[in-house]
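Peer 1: Line by line, the protein sequences are chains A and B. Per our numbering, residue 12 is the first one in the first sequence, and the count goes up by one each step. Per our numbering, residue 766 is the first one in the second sequence, and the count goes up by one each step.
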Amino acid sequence: MIRVILPAHLRTLAHAGSEVEVEVEGKITQRSVLDALEARYPMLCGTIRDHVTQQRRPFLRFFACEQDLSNEPPDAPLPDAVASGAEPLFIIGAIAGG
Amino acid sequence: MSQVRVLVGTRKGAFILTSDGKREQWDVSGPHFAGWELYHLKGSPADPNRLYASQCSGWFGQIIQRSNDGGKTWEAPGGETMPAPGSMPAGASNKFVYDTSPETGNPLTTHQWYDGTQHPWEFKRVWHLEPSLTDPDTVYAGVEDAALFRSTDGGKTWQELAGLRGHGSGPRWQPGAGGLCLHTILLDPSDPGRMFIAISAAGAFRTDDGGKAWRPINRGLRSEYIPDPTAEIGHCVHRIAMHPSRPGVLFMQKHWDVMRSNDAGESWQEVSGNLPTDFGFVIDVHAHEPNTIYVIPIKSDSEHYPPDGKLRVYRSRTGGNEWEALTKGLPQRDCYVNVLRDAMAVDSLDSCGVYFGTTGGQVYASADAGDTWAPIVRDLPGVLSVEVQTLP
Chain A
12 MIRVILPAHL
22 RTLAHAGSEV
32 EVEVEGKITQ
42 RSVLDALEAR
52 YPMLCGTIRD
62 HVTQQRRPFL
72 RFFACEQDLS
82 NEPPDAPLPD
92 AVASGAEPLF
102 IIGAIAGG
Chain B
766 MSQVRVLVGT
776 RKGAFILTSD
786 GKREQWDVSG
796 PHFAGWELYH
806 LKGSPADPNR
816 LYASQCSGWF
826 GQIIQRSNDG
836 GKTWEAPGGE
846 TMPAPGSMPA
856 GASNKFVYDT
866 SPETGNPLTT
876 HQWYDGTQHP
886 WEFKRVWHLE
896 PSLTDPDTVY
906 AGVEDAALFR
916 STDGGKTWQE
926 LAGLRGHGSG
936 PRWQPGAGGL
946 CLHTILLDPS
956 DPGRMFIAIS
966 AAGAFRTDDG
976 GKAWRPINRG
986 LRSEYIPDPT
996 AEIGHCVHRI
1006 AMHPSRPGVL
1016 FMQKHWDVMR
1026 SNDAGESWQE
1036 VSGNLPTDFG
1046 FVIDVHAHEP
1056 NTIYVIPIKS
1066 DSEHYPPDGK
1076 LRVYRSRTGG
1086 NEWEALTKGL
1096 PQRDCYVNVL
1106 RDAMAVDSLD
1116 SCGVYFGTTG
1126 GQVYASADAG
1136 DTWAPIVRDL
1146 PGVLSVEVQT
1156 LP
């Protein structure tokens, strides 16, 4: 299982706890994890990446294993520790806007 | 005994205020969707317990919420878990995609930007939700960048009524200071095919065939801040109001000027009369007196607060031109709040109630058509919208 940590507002929206688990088949990438997350929680569609372009929303960032993965290609493999479930993928809202 | 339910959208959540018909004691429920901007909430006239809400955030984008029990519980339509892991979500309620197909939408992709250049159309948020008068599952959404969407499945999926953007004047629409927003949707109760909408800063538009064909209805508007003050397109309309018994008569609060049309928008005449300033955002009509209208004058477009620090509602019983200030119970010194365009509404009890919310977080109510006022709440987040439901 892949572990994902959601920002507070998305936990509320998804009626989920801070950490959710999703099952992902095949390569473990940002895209495959987000696809699985949106399939499990369809109300999150469009809140993390744009409906049409599939681009990450500008005020969100992705972190794992103390690395900023926000600008990695969506099909690049996530760290092994994320793929094994040892570490979560963090989705973080930027501190912005006052 | 009748009840009143006031739906309040704020910068940091939604609040629902309820009272009996006396409108003296109020229960406050909320915040719902705490921390999110709630641009608008509105109930279905066909099923008052069906509510729709526009929830949005600069971080997470647009969400549509729906309640089937008058706001006690909410759901994002289409947010149900998919049965099969890995299958794509069938219908999330927050998907607003512009129609650029040649068959229905005309592949329109740009509008005018602040500097006069063309700029791509980009969805930002839903400003206004207007439920159908007859079907609880049909609801219209006015969005930024300006377009009109409709859902016929209770907010689960949305389709653009692309004839509006595609009718020809779209490339000349330009954003007002608040963005290029479609903020007003009026459904004609006497003619299911007729609908009026307004866009800042493009103007007012009408359809007579249920949303396929549209045309501008801005003759008589004059805006000194655009190159051609009487142009067909480019007017910053802030709000339009109509009385359901007389849908051919429209009242408009424009960026400057209060206007009236007696011919369903074919022509407009100014009715600002003796107002201290004719800038403002809200306008509404008394529930039982189609010629009694309300505005809240705001000093100017650069000073978004009431003149002289006095919060005054102005009422005209003559459909404009002759206005009286209503001040009893409203702050008459040191008041520098604004009242935004969707933040006034009326109830339909025998003694018409009038309500408005301020950017300072107060919601004021009058149970006697504006003669006297009292705050229901004083310290909400900045109020973006106020709607009222009169319940049996």
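Glycine residues also receive a C-beta, built at the ideal position from the N, C-alpha and C atoms.
1) Where does the unbroken beta strand (DSSP E) through B/Thr775 begin, and where does it stop?
2) Grouping DSSP H, G and I as helix and E and B as strand, with all else coil, what is B/Gly856?
3) Can you tell me which of A/Ile39, A/Val33, A/Pro85 puts its alpha carbon nearest to the alpha carbon of A/Pro53?
4) When Cβ atoms are compared, which residues of the segment 58-82 of chain A fall closer than 7 Å to chain B?
5) Beta carbon of B/Ser955, beta carbon of B/Pro896: below 9 Å?
6) For A/Ala79, write down the residues that DSSP places opposite it in a beta bridge.
7) Helix, strand or coil for B/Ser934, going by three-state DSSP, please let me know.
8) Just the C-alpha distance for A/Phe74 and B/Ala799, rounded to the nearest angstrom, thanks.
9) Could you compute how far the alpha carbon of B/Gly1122 sits from the alpha carbon of B/Glu802?
10) Assign B/His1069 to one of three DSSP states: helix, strand, or coil.
11) What's the call for B/Gly1084, buried or exposed, on a 16-neighbour Cβ count within 10 Å?
12) CA-CA distance, B/Asp973 and B/Asp1144?
13) I think A/Leu89 touches A/Val31, with their Cβ atoms under 8 Å apart; what is that distance to the nearest whole Å?
14) Per DSSP, which residues does B/Phe780 bridge with? Please list them.
15) Taking the alpha carbon of A/Thr64 as the point to measure from, which residue in A/His26, A/Glu77, A/Ala47, A/Pro85 has its own alpha carbon closest?
16) Locate the beta strand (DSSP E) running through A/Val93, then write down its first and last residues.
17) Spatial neighbours of B/Thr875 within its chain, please: CB distance less than 7 Å, with the 5 preceding and 5 following residues excluded, ordered by chain position.
18) Compare the Cα-Cα distances from A/Ser95 to each of A/Pro18, A/Ile103, A/Ala27, A/Thr40 and report the closest residue.
19) May I have the straight-line CA-CA distance separating B/Tyr1101 from B/Val1078, to the nearest angstrom?
Peer 2: On the basis of the data shown:
1) 768-775
2) Any reading at B/Gly856 is ruled out, since the residue's pLDDT is 46, under 50, leaving its predicted position unreliable.
3) A/Val33
4) Thr58, His62, Val63, Arg68, Phe70, Leu71
5) Cβ distance not < 9 Å, so B/Ser955 and B/Pro896 don't count as in contact.
6) Sequence check: residue 79 of chain A is Asp here, not Ala. Answer by DSSP bridge pairing, in chain order: A/Phe74.
7) coil
8) 26 Å
9) 15 Å
10) Correct three-state label for B/His1069: coil.
11) buried
12) 43 Å
13) Not quite, the Cβ-Cβ distance comes to about 16 Å (not below 8 Å), so this is no contact.
14) B/Val773
15) Measuring from the Cα of A/Thr64, the nearest candidate turns out to be A/Pro85.
16) No beta strand (DSSP E) contains A/Val93, which is instead part of the alpha helix (DSSP H) from 91-94.
17) Gln883, His884, Pro885, Trp886, Pro936
18) Nearest of A/Pro18, A/Ile103, A/Ala27, A/Thr40 to A/Ser95, Cα basis: A/Thr40.
19) 14 Å
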